[in-house]
C-alpha cells in the first residue's frame, strides 16, 4: 500500500492531532514486542511508522500532497528540459534545474566551443574538438529521504530511485543524525570526455516523534504515571525505540523526577547514550468522588510551605 493516508486510516484533511492519534493506536496494535512471532506484523509496524514520519511533519506532508516526494520520502523524479534524465525536486527552482551546477556546466561548454572554434592547422591535424577539452567529472546530484525516528536509532535499508530510473538500496546506519548526508560514489551525473561519474548525495531527514526527543546520543521521554504509581511505586512498562523495558518507579515520586536507563540511548560506533525518563503525574480525566473524599481526610501538608521551599513565595 502506497497511500500514506490509507495506511494510517485517516482522511486527507485530517488534523495533526488526528494523525498522531491514529499513529499511536496503530503503533500499539502492531508493535513488534506484542507480535514477536509474526514478521508481517513487524513489517506493518514499520509501514505505519514510515507513514507517520511524513504525515506527522507539516512540511513533509505538504510535499507529499504536492507529489514532490513519494510514500517512502524519496524525491519524485522530474524530467530535465535538457534530457539529462530528471533532477531531484529537493532543491529544484521554477525552471526545473534542481541541483544543476551552472558554473561547472559553463566550464564544460566553454571548453567545447573554445576547442571547436579553433581553425584546424598542421599542428592540430587529426585532433577533434573533444580531444582538447579534457576529461570532466560528472555532476553530483542531491536527494532527500525522510525516515522515522525509530529507524534513525536502529538503522535499516531504504530504496532510492535515481534520476536515470535505476533503484539503489541505501544502508541507513544506526544512530544517523537529522541532516546527515550519505554519499553514493559514482551514482551521480554522467561524465564528459571520459571522466568519472559524479556522486549521489542523499540527505537523511529524521521525522519528529510524538514522544521521543533526541539530544546528542541521549533520548528523552516524558512518561505519564497515575497517582497510585507515584505514591506506591512499582514496576511499569516503558517504551523505547528498540522495544519495551520494565522499569521500577520509586515510592513517593513527583512530577519531574528523572530516571536514567543506562546505555539505552543512541549508539554510534563505540559510543552509546542513555535514555532519560521524566515522570509526569496525571490525575484521572474524570472527577473521582472517592479520591476527593480520601484527599479531604488526608493531611498531605501545606502546599504554600512546599512553594516557599522551592523559592516561589
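Residue numbers (the working numbering): 278 to 590. Even for Gly, the Cβ is constructed at its ideal location relative to N, Cα and C.
Endpoints, the alpha helix (DSSP H) within which residue i is located
i: residue 479; result: That residue, residue 479, is in no alpha helix (DSSP H); its beta strand (DSSP E) goes 477–483.
i: residue 297; result: 293–307
i: residue 584; result: 580–586
i: residue 571; result: 566–574
Close Cβ partners of residue i (< 6 Å) along its chain, the five nearest in sequence each way excluded
i: residue 350; result: 331, 422, 423
i: residue 499; result: 555, 557
i: residue 446; result: 434, 436
i: residue 348; result: 279, 281
i: residue 432; result: 449, 450, 451
Sub-7 Å separation of residue i and residue j beta-carbons
i: residue 286; j: residue 299; result: yes
i: residue 310; j: residue 520; result: yes
i: residue 478; j: residue 530; result: no
i: residue 495; j: residue 551; result: yes
i: residue 553; j: residue 486; result: no
i: residue 451; j: residue 539; result: no
i: residue 318; j: residue 329; result: no
Anticipated Cβ contact below 8 Å, residue i with residue j, distance rounded
i: residue 467; j: residue 415; result: 5 Å
i: residue 284; j: residue 324; result: 6 Å
i: residue 341; j: residue 281; result: 7 Å
i: residue 449; j: residue 428; result: 6 Å
i: residue 508; j: residue 528; result: 7 Å
Cβ-based neighbour list, residue i, same chain, cut-off 7 Å, excluding 5 preceding and 5 following
i: residue 506; result: 513, 526
i: residue 413; result: 385, 468, 469, 470, 472
i: residue 439; result: 445, 464, 477
i: residue 483; result: 424, 426, 429, 455
i: residue 532; result: 556, 557, 558
i: residue 334; result: 484, 485
Buried versus exposed call for residue i [16 or more other C-beta atoms within 10 Å across all chains shown]
i: residue 473; result: exposed
i: residue 488; result: exposed
i: residue 523; result: exposed
i: residue 585; result: exposed
i: residue 569; result: exposed
i: residue 230; result: In the structure as shown, the chain begins at 278 and stops at 590. Residue 230 is therefore absent and cannot be evaluated.
Unbroken beta strand (DSSP E) run spanning residue i, endpoints
i: residue 522; result: 520–526
i: residue 501; result: 495–502
i: residue 430; result: Unbroken run through residue 430 is the alpha helix (DSSP H), 426–431; no beta strand (DSSP E).
i: residue 512; result: 511–517
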